[in-house]
Amino acid sequence: MEMMETILKRQSVRAFTEEQIKESELETILRAGYASPIGGAKFESMHFTVIQNADFLKRFRVSAAEFVQKPDANPLYGAPTFIVVSSNAVNPVAYANAGCVIENMCLAATELGLGSVYIYGCIAALNADQDLLKELGLPEGFTPVSGVILGYPAAPVQEREVPFGRIATKRFK
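513 is the number of the first residue of the sequence shown in my numbering; add one for each residue after it.
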């Protein structure tokens with residue numbers, strides 16, 4: 513797949529099969545994350561936690577649903593893999609770094625035929641649940657800032673039109 517083809521094909525997938533992704537696919541996605549630009553090349557300021565434990569994912573779903581007071585909420589959309597991106601410096605650069613990491617991971621997932629979604633909203637629920645946070649075993653001083661969910665799409669991903677200029681652009685010549 514050519515780079516622009518992958519970029520244009522990437523989109524959020526919010527319905528997954530229960531089948532776990534292959535170890536080789538996970539390794540490719542993690543490599544894409546490791547290759548991401550990180551502000552000041554401070555790679556030690558970032559940490560990835562790969563969660564594929566069905567029991568943990570279920571408990572997180574329940575906790576997040578309670579956090580937003582919506583009992584039917586499913587913030588992970590049934591994805592079997594959740595990568596939490598944490599930082600030891602929670603500031604705008606940490607969020608920018610997480611965005612770069614997750615976009616690389618989403619592009620790698622797309623190239624592999626997997627579905628992905630950048631997860632941000634439910635990270636507050638994770639940070640509020642001290643029991644789940646402790647269970648993650650994050651290094652001291654690290655806080656989850658974003659995440660990405662991964663899995664096999666439950667339905668074929670439909671092609672989409674990406675209109676040129678959909679984001680306002682002003683050019684100076």
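Even glycine gets a Cβ: it sits at the ideal position worked out from N, Cα and C.
What is the rounded straight-line gap between the Cα of residue i and the Cα of residue j?
i	j	result
Pro-665	Leu-626	6 Å
Glu-671	Ala-566	30 Å
Val-669	Arg-571	28 Å
Phe-676	Lys-682	13 Å
Glu-531	Thr-593	10 Å
Ala-601	Ala-608	12 Å
Leu-520	Arg-573	30 Å
Ile-563	Leu-588	12 Å
Lys-554	Ile-595	20 Å
Tyr-632	Ser-598	12 Å
His-559	Gly-611	13 Å
Ser-575	Gly-551	32 Å
Pro-604	Ala-527	30 Å
Ala-640	Ile-679	34 Å
Gly-545	Thr-622	14 Å
Lys-685	Pro-656	41 Å
Where does residue i land, buried or exposed, given buried means 16+ other C-beta within 10 angstroms?
i	result
Asn-616	buried
Met-515	exposed
Arg-522	buried
Pro-583	exposed
Gly-649	exposed
Gly-663	buried
Ala-636	exposed
Val-674	exposed
Ile-661	buried
Val-613	buried
Asn-533	In the sequence as presented, Asn is not what sits at residue 533; that position holds Ile. Under this definition Ile-533 is a buried residue.
Just list the residues that DSSP pairs residue i with in beta bridges.
i	result
Ser-598	His-559 and Pro-656
Thr-593	Leu-662
Val-629	Ile-661
Phe-528	Pro-665
Could you say which of the options lies nearest to residue i if we only look at CA atoms?
i	options	result
Leu-590	Val-605, Val-629 and Ala-640	The sequence shown places Gly at residue 590, rather than the Leu named in the question. Per the Cα distances, Val-629.
Arg-543	Ile-595, Gly-552, Val-674 and Ala-620	Ala-620
Ala-499	His-559, Val-525 and Ala-640	Nothing can be reported for residue 499, as the shown portion of the chain is limited to 513 through 685.
Thr-518	Thr-561, Gly-545 and Leu-624	Leu-624
Leu-507	Pro-549, Ile-550, Thr-622 and Glu-578	Absent from the structure is residue 507, since the part of the chain shown begins at 513 and ends at 685.
Gln-581	Cys-634, Phe-684 and Pro-651	Cys-634
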